[in-house]
Amino acid sequence: MSLDATIKSTLDDSGLKYDRRGEGKYFVTLPGTKKLQTNCWLVDGDHAFSVEAFVCRRPDEEHEAVYRFLLQRNARLYGVHYTVDSMGDIYLVGRFGKETVTESELDKILGQVLEAADGDFNTILEIGFATSIKREWDWRVSRGESLANLQAFKHLVEPATPHEPGLTES
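Under numbering that gives the first Met the number 0, the first residue of the sequence shown carries the number 0, and numbering increases by one thereafter.
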(Lines of atoms letter the chains of each structure in order from A; the text may use other names.)
(Lines give C-alpha, C1' and ligand atoms only; values in the text may rest on other atoms or scores of the structure.)
Protein backbone atom coordinates (compact mmCIF):
# COMPACT_ATOMS: atom_id res chain seq x y z
CA MET A 0 0.00 0.00 0.00
CA SER A 1 1.30 3.48 -0.84
CA LEU A 2 1.90 6.00 1.94
CA ASP A 3 -0.93 8.14 0.56
CA ALA A 4 -3.28 5.14 0.79
CA THR A 5 -2.04 4.38 4.33
CA ILE A 6 -2.77 7.95 5.43
CA LYS A 7 -6.22 7.96 3.82
CA SER A 8 -7.13 4.56 5.25
CA THR A 9 -6.01 5.55 8.76
CA LEU A 10 -7.99 8.78 8.64
CA ASP A 11 -11.09 7.06 7.25
CA ASP A 12 -10.92 4.36 9.94
CA SER A 13 -10.50 6.97 12.69
CA GLY A 14 -13.53 9.01 11.69
CA LEU A 15 -11.50 12.23 11.82
CA LYS A 16 -12.46 15.17 9.63
CA TYR A 17 -9.86 15.81 6.95
CA ASP A 18 -9.33 17.44 3.61
CA ARG A 19 -7.01 15.88 1.04
CA ARG A 20 -5.07 18.74 -0.55
CA GLY A 21 -3.26 16.75 -3.20
CA GLU A 22 -1.25 13.55 -3.38
CA GLY A 23 0.03 12.80 0.13
CA LYS A 24 -1.14 16.11 1.66
CA TYR A 25 -3.85 16.02 4.30
CA PHE A 26 -5.26 18.75 6.53
CA VAL A 27 -6.74 17.00 9.58
CA THR A 28 -8.91 18.38 12.38
CA LEU A 29 -8.35 16.65 15.72
CA PRO A 30 -11.21 17.25 18.18
CA GLY A 31 -10.30 18.15 21.75
CA THR A 32 -11.83 19.14 25.05
CA LYS A 33 -9.56 21.91 26.39
CA LYS A 34 -8.36 23.06 22.98
CA LEU A 35 -11.54 22.53 21.01
CA GLN A 36 -9.69 21.48 17.89
CA THR A 37 -6.15 21.06 16.68
CA ASN A 38 -5.42 21.49 12.99
CA CYS A 39 -2.72 19.19 11.73
CA TRP A 40 -0.92 18.75 8.42
CA LEU A 41 0.18 15.27 7.33
CA VAL A 42 2.55 15.45 4.37
CA ASP A 43 4.18 12.68 2.37
CA GLY A 44 7.23 14.64 1.25
CA ASP A 45 10.02 13.76 -1.17
CA HIS A 46 12.26 12.27 1.53
CA ALA A 47 10.18 11.99 4.70
CA PHE A 48 6.70 11.97 6.16
CA SER A 49 6.01 15.06 8.27
CA VAL A 50 3.42 16.17 10.80
CA GLU A 51 2.80 19.79 11.77
CA ALA A 52 0.10 20.98 14.18
CA PHE A 53 -0.54 24.53 15.35
CA VAL A 54 -0.94 24.62 19.14
CA CYS A 55 -0.99 28.25 20.29
CA ARG A 56 0.00 31.74 19.23
CA ARG A 57 3.04 33.46 20.72
CA PRO A 58 2.64 33.87 24.49
CA ASP A 59 2.01 37.41 25.75
CA GLU A 60 4.22 36.98 28.82
CA GLU A 61 6.53 34.60 30.68
CA HIS A 62 8.14 33.39 27.45
CA GLU A 63 11.02 31.71 29.25
CA ALA A 64 8.66 29.77 31.53
CA VAL A 65 6.50 28.68 28.58
CA TYR A 66 9.51 27.53 26.58
CA ARG A 67 10.95 25.72 29.61
CA PHE A 68 7.64 23.87 29.99
CA LEU A 69 7.66 22.93 26.29
CA LEU A 70 11.28 21.73 26.36
CA GLN A 71 10.65 19.62 29.44
CA ARG A 72 7.48 18.24 27.85
CA ASN A 73 9.45 17.27 24.72
CA ALA A 74 11.27 14.61 26.76
CA ARG A 75 7.99 12.74 27.27
CA LEU A 76 6.46 13.00 23.79
CA TYR A 77 6.33 10.19 21.26
CA GLY A 78 7.38 11.00 17.70
CA VAL A 79 6.66 14.72 17.81
CA HIS A 80 8.14 17.68 19.64
CA TYR A 81 7.28 21.27 20.39
CA THR A 82 8.87 24.06 18.39
CA VAL A 83 8.26 27.74 17.73
CA ASP A 84 8.24 29.59 14.43
CA SER A 85 9.92 32.92 13.70
CA MET A 86 6.93 34.77 15.22
CA GLY A 87 7.02 32.69 18.41
CA ASP A 88 3.86 30.69 17.65
CA ILE A 89 3.91 27.17 19.11
CA TYR A 90 3.67 23.99 17.01
CA LEU A 91 4.04 20.25 17.38
CA VAL A 92 6.14 18.76 14.58
CA GLY A 93 7.61 15.43 13.63
CA ARG A 94 9.50 13.85 10.73
CA PHE A 95 9.55 10.15 10.02
CA GLY A 96 11.11 7.80 7.54
CA LYS A 97 8.44 7.05 4.96
CA GLU A 98 8.90 3.31 5.41
CA THR A 99 8.10 3.58 9.14
CA VAL A 100 4.60 4.98 8.66
CA THR A 101 1.99 2.27 9.08
CA GLU A 102 -1.66 2.65 10.03
CA SER A 103 -0.83 1.68 13.61
CA GLU A 104 2.11 4.10 13.79
CA LEU A 105 0.13 6.97 12.28
CA ASP A 106 -2.65 6.34 14.80
CA LYS A 107 -0.09 6.60 17.64
CA ILE A 108 1.34 9.81 16.18
CA LEU A 109 -2.08 11.44 15.81
CA GLY A 110 -2.96 10.32 19.33
CA GLN A 111 0.20 11.93 20.67
CA VAL A 112 -0.47 15.19 18.82
CA LEU A 113 -3.99 15.30 20.24
CA GLU A 114 -2.92 14.35 23.77
CA ALA A 115 -0.16 16.97 23.84
CA ALA A 116 -2.02 19.84 22.16
CA ASP A 117 -5.20 19.29 24.15
CA GLY A 118 -3.56 18.25 27.41
CA ASP A 119 -0.96 21.03 27.52
CA PHE A 120 -3.16 23.83 26.18
CA ASN A 121 -4.47 25.17 29.49
CA THR A 122 -1.00 25.03 31.08
CA ILE A 123 0.43 27.04 28.18
CA LEU A 124 -2.38 29.58 28.57
CA GLU A 125 -1.93 29.80 32.35
CA ILE A 126 1.77 30.50 32.02
CA GLY A 127 1.82 32.67 28.91
CA PHE A 128 -1.51 34.50 29.04
CA ALA A 129 -2.38 34.91 32.76
CA THR A 130 -2.78 38.69 32.56
CA SER A 131 -5.05 38.45 29.52
CA ILE A 132 -7.14 35.76 31.20
CA LYS A 133 -7.57 37.90 34.32
CA ARG A 134 -8.48 40.93 32.20
CA GLU A 135 -11.01 38.89 30.20
CA TRP A 136 -12.50 37.49 33.41
CA ASP A 137 -12.94 41.00 34.86
CA TRP A 138 -14.44 42.30 31.62
CA ARG A 139 -17.00 39.49 31.48
CA VAL A 140 -17.92 39.88 35.15
CA SER A 141 -18.41 43.64 34.71
CA ARG A 142 -20.85 43.02 31.85
CA GLY A 143 -22.59 39.94 33.23
CA GLU A 144 -21.17 37.76 30.45
CA SER A 145 -20.73 34.00 30.73
CA LEU A 146 -17.56 32.69 32.36
CA ALA A 147 -18.21 29.12 31.22
CA ASN A 148 -15.15 28.73 28.99
CA LEU A 149 -12.89 30.42 31.56
CA GLN A 150 -13.73 28.11 34.48
CA ALA A 151 -10.47 26.17 34.03
CA PHE A 152 -8.68 29.39 34.98
CA LYS A 153 -10.80 30.32 38.00
CA HIS A 154 -7.83 29.71 40.30
CA LEU A 155 -5.97 32.56 38.58
CA VAL A 156 -8.54 35.14 39.62
CA GLU A 157 -9.74 33.91 42.99
CA PRO A 158 -7.61 33.88 46.15
CA ALA A 159 -6.44 30.46 47.34
CA THR A 160 -7.99 31.11 50.76
CA PRO A 161 -11.11 33.25 50.96
CA HIS A 162 -10.82 36.45 52.97
CA GLU A 163 -13.25 36.91 55.82
CA PRO A 164 -13.64 40.41 57.27
CA GLY A 165 -12.20 40.86 60.76
CA LEU A 166 -9.94 37.81 60.60
CA THR A 167 -6.76 39.54 59.49
CA GLU A 168 -3.60 39.09 61.50
CA SER A 169 -2.19 42.11 63.33
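Backbone N, C-alpha and C define an ideal beta-carbon position, used for all residues, glycine too.
| Asked | Found |
| --- | --- |
| Neighbourhood of Q111 by C-beta distance below 7 Å, restricted to the same chain and skipping five residues each side | L76, Y77, G78 and V79 |
| Spatial distance of H154 from D12 (CA atoms) | 40 Å |
| Start-to-end residues for the alpha helix (DSSP H) that takes in V156 | K153 to V156 |
| Length of the line joining the Cα atoms of R2 and E114 | Note that residue 2 is Leu in the sequence shown here, rather than Arg. One C-alpha to the other measures close to 24 Å. |
| Distance between Y81 and K97 (C-alpha atoms, nearest Å) | 21 Å |
| Simplified DSSP state of H46, which is helix, strand or coil | coil |
| Start and end residues, alpha helix (DSSP H) containing L29 | Segment K24 to P30 is the beta strand (DSSP E) holding L29; no alpha helix (DSSP H) there. |
| Segment contact, 8 Å Cβ cut-off, at least three pairs: the segment 128–144 with the segment 66–73 | no |
| Cβ neighbour criterion (16 or more within 10 Å) applied to T37 | buried |
| Local conformation of F170 per DSSP, three classes | Any question about residue 170 goes unanswered here, given that the chain covers just 0 to 169. |
| Cutoff 7 Å; reference T9; Cβ partners in own chain excluding five residues on either side | E102, L105 and D106 |
| Inter-residue Cα distance where the pair is R94 and N148 | 34 Å |
| K33 (DSSP reduced to helix, strand or coil) | coil |
| Beta-carbon gap between I6 and V50 smaller than 8 Å | no |
| Three or more C-beta pairs below 8 Å linking the segment 17–27 and the segment 53–60 | no |
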